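Here is the structure we will look at, set down as structure tokens.
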Amino acid sequence: AATARRVPARGGFVAAAPRVRTTPLRRPRTTKAVALAAIPTIALYESSAQLINDAGCTAGAAAGAVAWIKVWTTLAERGVIDAKLARKIVHCGSGPLYLLVWRFYSDAALARVIAALVPALNIVKLQKAAQDDNELSRAISRSGDPSEVLGGPYVYTWVLLLAALLAFRTPAAIVAVAQMAVGDGLADIIGRRFGRQKWFCNPEKSYAGSLAFVLGATVASMGLLRWLAFPAPLAPLVAISVICALVEVLLTDVDDNVSVPLVGALLALTLR
């Protein structure tokens, strides 16, 4: 509570400013919340061998994600490559590298939850990175502004989380991530370098970038599908990539980290 005190002054006493006791705000312990949420999952696991295997996969995937970002961040800071290029390479590789690890998880019903801890923890890291200037925010934001971390990179990581929880090891999740990560990433890289001819309906997108989107997304989808033991028909995957590339060009009012994987996942449901 506020209390007033009196201090001496010429001619008597005057009231000084009241003292107000304040309690500093604390950041929510999101990392601890993620760990606590995993406890019921661990208790319900079918066998300790499966749990150990899946925990090891998650630990390896998390370490790999950190190393992947660290490599390109270091190269950008040393001036070896352009910072924008480093950011897009991180964008292209993060999702597919995470999906590569899916093959090694067990068949336990709760394996998807343990796998989802990787993007869940990355979401926590992004929330913290958005609060001040740091290596991670400089690596994945367009201008180095920490607040940008909660834009595209944040949505990207949420897509990985939902892919693991809702469609773990399914063609829909695989194609969605491939379109978002590799297709969209390559479109930006190639478009910036060779995209002189722009789309008539969107001057910010180029024909060269869209072609790179289709080629990259198709190859990535085929490779990841075969890696996870699914059929990878060429013609349908090319068609899906073309449609997703057009979505990126035409839906300018929607974050392409939302629209592209959503359309890719829905179209992948038609794969046989």
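Counting from 1, position 194 in the sequence shown corresponds to residue 178 in my numbering; the numbering is continuous, with no gaps.
Note that the Cβ used here is the ideal one computed from N, Cα and C, for glycine as well.
All values reported here derive from a predicted model rather than from experimental measurement.
By the 10 Å Cβ neighbour count, where 16 or more other Cβ atoms means buried, how is Ser32 classified, buried or exposed?
-> Within the sequence shown, numbered from 1, the residue matching residue 32 stands at position 48. Classification for Ser32: exposed.
Burial state of Leu218, where buried means 16 or more other Cβ atoms lie within 10 Å | Residue 218 sits at position 234 when you count from the first residue of the sequence shown. Leu218 is exposed by the Cβ-count criterion.
Which whole-angstrom value is the C-beta distance of Ala46 and Val97, which I expect to be below 8 Å?
-> For the purposes of this step, residue 46 is identified with residue 62 of the sequence shown, where counting begins at 1. For the purposes of this step, residue 97 is identified with residue 113 of the sequence shown, where counting begins at 1. Not a contact, Cβ separation roughly 15 Å.
State the Cα-Cα distance for the pair Thr58 and Arg256, rounded to the nearest angstrom.
-> Here residue 58 corresponds to residue number 74 of the sequence shown, with the count starting at 1. Here residue 256 corresponds to residue number 272 of the sequence shown, with the count starting at 1. Distance between the alpha carbons of Thr58 and Arg256: 42 Å.
Is it right to say Lys54 is buried, meaning 16 or more other beta carbons lie within 10 angstroms of its own, or is it exposed?
-> In the sequence shown, counting from the first residue as 1, residue 54 sits at position 70. So Lys54 counts as exposed.
Just tell me which of Pro155, Leu208 and Leu212 has its CA closest to the CA of Leu77.
-> Along the sequence shown, one-based indexing puts residue 77 at 93. Sequence check: residue 77 is Gly here, not Leu. The shortest C-alpha separation from Gly77 is found at Leu208.
For Lys109 versus Asp172, is the C-beta spacing smaller than 8 Å?
-> As a working mapping, residue 109 is identified with position 125 in the sequence shown. As a working mapping, residue 172 is identified with position 188 in the sequence shown. For Lys109 and Asp172, no; Cβs fall outside 8 Å.
As assigned by DSSP and simplified to three states, the class of Ser190 | Within the sequence shown, the letter at position 206 stands for residue 190. Three-state DSSP puts Ser190 in a strand.
Presumed contact (8 Å Cβ cut-off) between Thr202 and Leu221, rounded CB distance = By 1-based counting over the sequence shown, the position of residue 202 is 218. By 1-based counting over the sequence shown, the position of residue 221 is 237. Thr202 to Leu221, Cβ: 5 Å. Contact.
Whole alpha helix (DSSP H) runs in the region 142 to 218 with 4 or more residues, listed along the chain?
-> 155 to 162, 168 to 178 and 191 to 211
Under the three-state reduction of DSSP, which class applies to Ser243: helix, strand or coil?
-> Position 259 of the sequence shown holds residue 243. In this structure, Ser243 counts as helix in the three-state DSSP scheme.
Three or more C-beta pairs closer than 8 Å, one from the region 240 to 249 and one from the region 173 to 189: is that the case here?
-> They do not touch, by the three-pair rule.
Between Ser243 and the rest of its own chain, which residues show a CB-CB distance below 6 Å, the 5 nearest in sequence each way excluded?
-> In the sequence shown, residue 243 corresponds to position 259, counting from 1. Once the five neighbours on either side are set aside, the close Cβ partners of Ser243 are Val231 and Leu235.
Are Gly79 and Ala165 close, meaning C-beta to C-beta below 8 Å?
-> Against the sequence shown, residue 79 aligns to sequence position 95. Against the sequence shown, residue 165 aligns to sequence position 181. Yes, Cβ-Cβ distance for Gly79 and Ala165 is below 8 Å.
Give the DSSP-derived three-state secondary structure of Thr58 in the structure shown.
-> For the purposes of this step, residue 58 is taken as residue 74 along the sequence shown, with counting starting at 1. Helix at Thr58.
Could you give the distance in angstroms between the alpha-carbon of Tyr140 and the alpha-carbon of Asn241?
-> Locating residue 140 in the sequence shown gives position 156, counting from the first residue. Locating residue 241 in the sequence shown gives position 257, counting from the first residue. Roughly 6 Å separates the two Cα atoms.
Reference Cys228, options Ser194, Met206, Ala204 and Arg210, closest by Cα = The residue you call residue 228 lines up with position 244 of the sequence shown. When each option's Cα is compared against that of Cys228, the closest is Ser194.
Leu149 versus Val85 - alpha carbon distance | The residue given as residue 149 occupies position 165 in the sequence shown. The residue given as residue 85 occupies position 101 in the sequence shown. The straight-line gap from Cα to Cα measures roughly 15 Å.
CB-CB under 6 Å to Arg35, same chain, minus the five flanking residues each way: which ones, in chain order?
-> Within the sequence shown, the letter at position 51 stands for residue 35. One point to set straight first is that residue 35 is Leu, not Arg, in the sequence displayed. Once the five neighbours on either side are set aside, the close Cβ partners of Leu35 are Tyr29.
For Ala147 versus Ala160, is the C-beta spacing smaller than 8 Å?
-> Taking the sequence shown and counting its residues from 1, the one referred to as residue 147 is at position 163. Taking the sequence shown and counting its residues from 1, the one referred to as residue 160 is at position 176. Contact flag set, yes.
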